[in-house]
């Protein structure tokens, strides 16, 4: 029986109303011979947090080969509650031998912060301390629209950052929309690096909450694939260990037994004792190969996989959000009937896992559904949906719209079959 209902913030692990767009900005000099890195810029000056002591580990997670091109990547740490994600957005440039990054942003706004870092890099290179201060102050104190105001404004907000010589504009992403290949860099890079077949297997590994280890020589590719995973499991949210970029100082983390999504630079992976990793799923982004003892895709209903493969092929020609919608539609087919698990207990609505699974007892898909329902993701999903029903706070999101579309299609199909039958009676 479900209990301890959770809010959208707790289930999604994304803070809903942060006070600031970021907590601190840093420019760090690339460490030499393992010497402590020098902090060149810190804003606000009076910021003091434990994260500063480990900032260099994430900014320079390993020894990087010489590279004249700048590289964006994102690391994730947890807030003081141990539940919510805090994002660190980085821009590393070997040419400048520095790393610029925003730490402790609660906003999963990858594209915005990468663009901000590019603009900020140019301002810093212009040697105008006044304009650097003005830019950071304007961004730090900018008050974004609340989620309610944002939706009333049709999911649009133009963020304006002012400095004496110029005004910069950034469009806030609508996180309620499905990612498209054009607008979501993580999703598009993930697709281009892995391809639909590996992503299909990855989808299965995620639903069964496996230990997933991404390997690459590019930090940006690690970020894209690790963070792209979160798009595949919509409307559920990853509740276990999530470290898109794992620093060398934490290299033993992949040995833990809990489910995880971890991104590891290939130079660190090459030094690991592979025999100590156990039943981990290793996805090498550079070589497009997967090592796993699991074949979770075989546990899916066969007709579901056939339909997914067909829809994925069609989506490649349609573009937009069609590729992401294939996975959302599959999720709607799998758990869209979650309402059948609602029961009344002590005069209150609750979710009963056993009641929900009862409809599948004796069927071929019972083992599959039982595995899904017993994950932490589904546990939090059902708790939040129960809470939303109780508080009358249920949003008609893309998932619920997809469920309604599927139900409508079933009704139309049933009416047609009945009409055809009546012609012969």
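Numbering (the numbering used here), first residue to last: 1 to 425. Even glycine gets a Cβ: it sits at the ideal position worked out from N, Cα and C. Predicted model only: the values in this text are computed from it and were never measured.
| Query | Result |
| --- | --- |
| By the three-class DSSP mapping on this structure, what secondary structure does residue 114 have? | helix |
| Give me the residue from 324, 181 and 381 with the minimum Cα distance to residue 339. | 381 |
| Return yes when the Cβ of residue 293 is within less than 8 Å of the Cβ of residue 279, no when it is not. | yes |
| Suppose you measure from the CA of residue 158 to the CA of residue 367; what does that come to, to the nearest Å? | 48 Å |
| How would you label residue 374, buried or exposed, when you count the other beta carbons within 10 angstroms and need 16 or more for buried? | exposed |
| In angstroms with no decimal places, state the Cα-to-Cα distance between residue 118 and residue 392. | 43 Å |
| Within the continuous beta strand (DSSP E) that includes residue 145, where are the two ends? | Note, residue 145: premise wrong, no beta strand (DSSP E); not H, not E. |
| Taking DSSP as the reference, what is the three-state secondary structure of residue 58? | helix |
| Just verifying my parser: in three-state terms, what is the DSSP assignment at residue 29? | strand |
| Taking the alpha carbon of residue 238 as the reference point, which residue from 220, 251 and 258 has its own alpha carbon closest? | 258 |
| When the Cα atoms are used, what is the spatial distance from residue 147 to residue 364? | 42 Å |
| Under DSSP, the alpha helix (DSSP H) around residue 233 begins and ends at which residues? | Segment: none, residue 233 is in no alpha helix (DSSP H) and carries neither H nor E. |
| Residue 268: which of 260, 281, 261 and 253 sits nearest, CA to CA? | 253 |
| In whole angstroms, what is the alpha-carbon distance linking residue 16 and residue 145? | 11 Å |
| Along the chain, where does the beta strand (DSSP E) that runs through residue 242 open and close? | 241 to 243 |
| Please give me, in chain order, every unbroken run of the alpha helix (DSSP H) with length at least 4 that falls completely inside the segment 293 to 364. | 302 to 318, 322 to 335 and 353 to 358 |
| So, for residue 180: in the same chain, excluding its five sequence neighbours on each side, which residues have a beta-carbon less than 6 Å away from its beta-carbon? | 320 and 321 |
| Kindly indicate which three-state DSSP category residue 392 falls into: helix, strand or coil? | coil |
| Whose C-beta lies closer than 6 Å to the C-beta of residue 105 among residues of the same chain, with five residues either side of it excluded? | 22 and 87 |
| Return the chain-ordered list of same chain residues with a C-beta closer than 7 Å to the C-beta of residue 405, the five sequence neighbours on each side being excluded. | none |
| Based on Cα-Cα distance, which residue from 37, 235, 303 and 190 lies nearest to residue 396? | 235 |
| For residue 224, which residues from the same chain have a beta carbon less than 6 Å from its beta carbon, with the 5 sequence-adjacent residues on both sides left out? | 186, 189 and 190 |
| Within this structure, are the beta carbons of residue 29 and residue 137 separated by less than 8 Å? | no |
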